[in-house]
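Q: Residues 1084 to 1877 (the numbering used here) make up the sequence shown, in order.
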Amino acid sequence: MKRFFLLGPVFLLLLQVSIRPVWAQVDPQKQLEAYRNRALQEKLFVHIDRTFYVAGELMWFKINYVDGSFHKPLSLSKVTYLEVLDKENRPVLQTKVAMAAGGGYGSLFLPTTLASGNYLVRAYTNWMKNFSPDYFFEKTVTIVNTFRKLELPALKDSLTVDVQFFPEGGNLVRKLTSTVGFKTVGSRGKGVDLRGAIVDQTNDTVVRFKPLKFGMGRFEFTPAEGQQYRAVLTDANGKVMIRPFPAIQEQGYTMQVTEAGNGQLRISVNSTTNAATVYLLAHTRLASIQAEQQSIRDNRASFTIDKKTLGEGISHLTVFDASRKPVCERLYFKRPERRLAIDTRFTSGALSTREKAVVELTAQDETGKAALADLSVAIYRLDSLQPAESGDIQTYLLMTSDLRGAVESPDYYFSASGSEVAEATDNLMLTQGWRRFRWENVQQLNQPQDEYLPEVNGHFIRGKIVHSGTGMPGRGLSSYLSVPGKHILLYGSRSDSEGRIHFETKDFYGPKDLVAQLNPKDSIFRIELQNPFFERFASSRLPIFDFSPALKDPLLNRSISMQAQNAYYRGNLSRYQPPKVDSIPFYGVANEKYLLDDFTRFPVMEEIFREYVPGVMARKRRDGYTISVLDVQHKLFFDASPMALLDGVPIFSMDRVMEIDPRKVQKLEVMTRRYIVGPLVFDGLISFTTYKGDLAGYRPDAKALLADYEGLQVPRDFYVPRYDTPQKSGSRLPDLRNLLHWAPSVKLNDQGKAQLEFYTSDEDGTYRFVINGIAVDGRTGGKQGTFEVTKVIK
1084 MKRFFLLGPV
1094 FLLLLQVSIR
1104 PVWAQVDPQK
1114 QLEAYRNRAL
1124 QEKLFVHIDR
1134 TFYVAGELMW
1144 FKINYVDGSF
1154 HKPLSLSKVT
1164 YLEVLDKENR
1174 PVLQTKVAMA
1184 AGGGYGSLFL
1194 PTTLASGNYL
1204 VRAYTNWMKN
1214 FSPDYFFEKT
1224 VTIVNTFRKL
1234 ELPALKDSLT
1244 VDVQFFPEGG
1254 NLVRKLTSTV
1264 GFKTVGSRGK
1274 GVDLRGAIVD
1284 QTNDTVVRFK
1294 PLKFGMGRFE
1304 FTPAEGQQYR
1314 AVLTDANGKV
1324 MIRPFPAIQE
1334 QGYTMQVTEA
1344 GNGQLRISVN
1354 STTNAATVYL
1364 LAHTRLASIQ
1374 AEQQSIRDNR
1384 ASFTIDKKTL
1394 GEGISHLTVF
1404 DASRKPVCER
1414 LYFKRPERRL
1424 AIDTRFTSGA
1434 LSTREKAVVE
1444 LTAQDETGKA
1454 ALADLSVAIY
1464 RLDSLQPAES
1474 GDIQTYLLMT
1484 SDLRGAVESP
1494 DYYFSASGSE
1504 VAEATDNLML
1514 TQGWRRFRWE
1524 NVQQLNQPQD
1534 EYLPEVNGHF
1544 IRGKIVHSGT
1554 GMPGRGLSSY
1564 LSVPGKHILL
1574 YGSRSDSEGR
1584 IHFETKDFYG
1594 PKDLVAQLNP
1604 KDSIFRIELQ
1614 NPFFERFASS
1624 RLPIFDFSPA
1634 LKDPLLNRSI
1644 SMQAQNAYYR
1654 GNLSRYQPPK
1664 VDSIPFYGVA
1674 NEKYLLDDFT
1684 RFPVMEEIFR
1694 EYVPGVMARK
1704 RRDGYTISVL
1714 DVQHKLFFDA
1724 SPMALLDGVP
1734 IFSMDRVMEI
1744 DPRKVQKLEV
1754 MTRRYIVGPL
1764 VFDGLISFTT
1774 YKGDLAGYRP
1784 DAKALLADYE
1794 GLQVPRDFYV
1804 PRYDTPQKSG
1814 SRLPDLRNLL
1824 HWAPSVKLND
1834 QGKAQLEFYT
1844 SDEDGTYRFV
1854 INGIAVDGRT
1864 GGKQGTFEVT
1874 KVIK
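(1) Kindly list the residues whose CB is nearer than 7 Å to the CB of Asn1228, restricted to its own chain and excluding five residues on each side of it in sequence; keep chain order.
(2) When DSSP builds the beta bridges, which residues end up paired with Val1180?
(3) Expressed to the nearest angstrom, what Euclidean distance is found between the alpha-carbon atoms of Arg1133 and Met1211?
(4) Can you have a look at His1717 and say buried or exposed, based on whether 16 or more other CB atoms are within 10 angstroms of its CB?
(5) For Asn1524, name the three-state secondary structure that DSSP assigns.
(6) What's the C-alpha gap between Tyr1592 and Gln1796?
(7) What does the Cβ neighbour count give for Tyr1659, buried or exposed, with the cut at 16 atoms within 10 Å?
(8) Let me know if Glu1871 comes out buried or exposed under the rule of 16 or more other beta-carbons within 10 Å of its beta-carbon.
(9) Output the distance between the C-alpha atoms of Phe1386 and Thr1863, rounded to the nearest integer angstrom.
(10) Would you call the region 1518-1535 and the region 1683-1694 touching, i.e. three or more CB-CB distances under 8 Å?
(11) Where DSSP assigns a beta bridge to Met1700, which residues make up the other side?
(12) Report back the beta-carbon spacing between Ala1446 and Ile1462 to the nearest angstrom; my notes put them in contact at under 8 Å.
(13) Could you tell me whether the region 1801-1812 touches the region 1622-1635, using the rule of 3 or more Cβ pairs below 8 Å?
(14) Which same chain residues, not among the five before or five after Arg1383, have their C-beta less than 6 Å away from its C-beta?
(15) Could you check if Gln1515 is buried or exposed, using at least 16 other CB atoms within 10 Å of its CB as the buried criterion?
(16) Taking the alpha carbon of Glu1618 as the reference point, which residue from Leu1123, Ser1500, Phe1219 and Cys1411 has its own alpha carbon closest?
(17) Can you name, in chain order, every residue of its own chain whose Cβ lies under 6 Å from the Cβ of Thr1401, other than the five neighbours on each side?
(18) Quick check for students: name the residue ranges of the beta strand (DSSP E) that lie wholly in the region 1198-1245, counting only runs of 3 or more.
(19) Alpha carbon to alpha carbon, how far is Ser1666 from Lys1161?
(20) Please name the residue, chosen from Tyr1708, Gly1761 and Asn1510, that lies closest to Glu1587 on a Cα-to-Cα basis.
(21) Hey, how far is the Cα of Gln1867 from the Cα of Tyr1850?
(22) Pull up the distance between the alpha-carbon of Glu1438 and that of Gly1848, whole angstroms please.
(23) Leaving out five residues before and five after Lys1874 in sequence, what residues of the same chain have Cβ atoms less than 8 Å from its Cβ?
(24) How close, in whole Å, do the beta carbons of Leu1819 and Ala1673 come, if the pair is a contact with beta carbons under 8 Å?
(25) Okay, do the region 1545-1563 and the region 1165-1178 touch, 3+ Cβ pairs below 8 Å being the bar?
(26) Name the DSSP beta bridge partners of Arg1301, please?
(27) If you scan the region 1793-1846 from start to end, which runs of the beta strand (DSSP E) of 3 or more residues do you find wholly inside it?
(28) In or out: Gln1834 buried (at least 16 other Cβ within 10 Å) or exposed?
(29) Are there 16 or more other CB atoms within 10 angstroms of the CB of Asp1533, so buried, or fewer, so exposed?
(30) Are there three or more Cβ pairs, one per stretch, closer than 8 Å when the region 1537-1547 is compared with the region 1572-1585?
(31) So, does the region 1758-1778 touch the region 1716-1736, judging by three or more C-beta pairs under 8 Å?
(32) Three or more beta-carbon pairs under 8 Å between the region 1499-1511 and the region 1146-1165, yes or no?
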């Protein structure tokens, strides 16, 4: 965890903004509105079925996709990248997930090659790569490999504490009173309860402090003239720690936010400068923007904001000086009133093993009106391995996604009420403040072009053309990407000034063999494909992995359950949902189509063209064959050669086209008109398809790039055994499922209702259900509960 002793993390970057003369002429409110309009903020929330796994199990997930300002479901990006990272930020698992309106879902098999430890699951879209990786969704999961000896890392001194101080607004200024938030975090990432004091250079105690909740608290402090300060902290065992205190400015601004009553907030700004005016800008996730200017009298200015004008969740309050330079900033949290209330009712009564469970799900808004919502549901057996779930889609979207670093027990700030919760929430805003943008980017005159485009139609495969000898970029060169097979796919791209190319794919699922080529006349260049996953990482750190020996028996039971499932139900666990893709070739319906088995089989390709393909003319000249396609519009043959494809792979040499063995070709299709693929134009097109779609022994050019590439994930079916007959109920196959049910998308009807059915396993005990939901209007909510399953005694 980084230390910010001078300023809070929100304000640290503000001081790096140099004063530009143009700021006196611009309006931060209009700048922020323009920034929101050009820089769409996307948010992802991933509901993972559990947070503890043994290697060999499946991890199931549902991705909710919303806009970052209003949290309504989006349908812009069609691909999400999901990774599992180890403690060194090395990806151990990666997948690409197809997205429909509002989200997508999938699964990952956790191989037995994984080491035991804590891992980070993160998710993002291509568009989100333009911004900081701190914006990506992240969640910690634990994976234990029961096939390897459990080697736990040596734990550091558990008394090691990270202490951070955050002056309200970002500044400590001589002779001005400020509220200072503090946070004390132990080596396991949890807040610790310490007593502390601020002492001056003569060791006199100026102020004492202690945490209120989760290691966070606050105190009032006025830096005196000529004094230097440090913090002295003492833990419950009497151990004393000395920590530095934030530096103090001789001149500057401070701000204080207090409740003014009657639903009002008061923002007080104090200054030791000669400034005449200050400017306050308030907004909630770049929306609900409001601004006001006040004159400074007696070094003080005061603003009042009606809290009803602020959106729910986290709002930013930023103070600018007269030249519109940001000088102070503060976060404020407004508890949500709009909510999605989810309820469950087991209509099947008390449950025993191998019995059908029926659950009625309902959702309403805060007024009791039925909500049209989409729910994801996980039901699993409680044991001592699985920690309690903390946080849901509502706490993530309204709080934790807008704060840097892990938030301990986010449910506390939403489920509880009272003055202590209000103060603890404000302490969180003081100590974990952050902004999903940088003011220097907002106020930049010449906005840079976004490097990553949203994938609105399908996955982008990106690459670069470089000179084989010098590595210099190849500019303005045509490139071709094909996927060999009976489903003809071909993509074209022309390199830009940096040699960059990109291919926009569609219906690109599962593992593929790719062939990337340049025209042979550009043989001095080569193509390099880029990693589609982002290689920059957030500053978050995984908690230290520790595993108690007392959990040996529960871990053994979990491992036996996993092995039994994989041994007896392997086929059922590997059933997939074939995606609905267009089987028509990329060029659509051809002008001419020939199934060669319907005609006389000629031994050479030239005879086929001559005898029954009138749209193609092949001639042999001194320097080799030329092939021309008839332009049906003008009744003339094109001058240039057509694009020739074999199972979708371009063949640039007409001699090699004529060498194709017709006896291995099942189908021949001809486009007798000019055809466009991306930026590339072809004078007609000839497509050969072999019986197996495997090129029938043809080898692409030696300089072609051949690559194995993983497309979008093909969704896996969640297997639920059915015990609806005496024969099935009496089956001797063991059913040791820990995860009873997973439903990534339960659509509620117009009455806000749906019914869920599943069967219990052979395992009795306590089970937990975890539900996350989002309505079409952006309301969100979560629900957790437990139920019992008793053992059937035969």
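Heads up, the beta-carbon is just placed ideally off N, CA and C, and yes, glycines get one too.
A: Straight from the coordinates:
(1) Ala1138, Thr1195, Leu1197, Ala1198 and Ser1199
(2) Thr1163
(3) 26 Å
(4) exposed
(5) helix
(6) 6 Å
(7) exposed
(8) exposed
(9) 32 Å
(10) no
(11) Ser1711
(12) Their Cβ separation, rounded to whole angstroms, is 18 Å, which puts Ala1446 and Ile1462 out of contact at 8 Å.
(13) no
(14) Asn1353
(15) buried
(16) Phe1219
(17) Leu1364, Pro1409 and Glu1412
(18) 1200-1207 and 1220-1227
(19) 20 Å
(20) Gly1761
(21) 11 Å
(22) 14 Å
(23) Ser1435, Thr1436 and Asp1847
(24) That pair is no contact at about 54 Å.
(25) no
(26) Gly1264
(27) 1822-1830 and 1836-1842
(28) exposed
(29) exposed
(30) yes
(31) yes
(32) no
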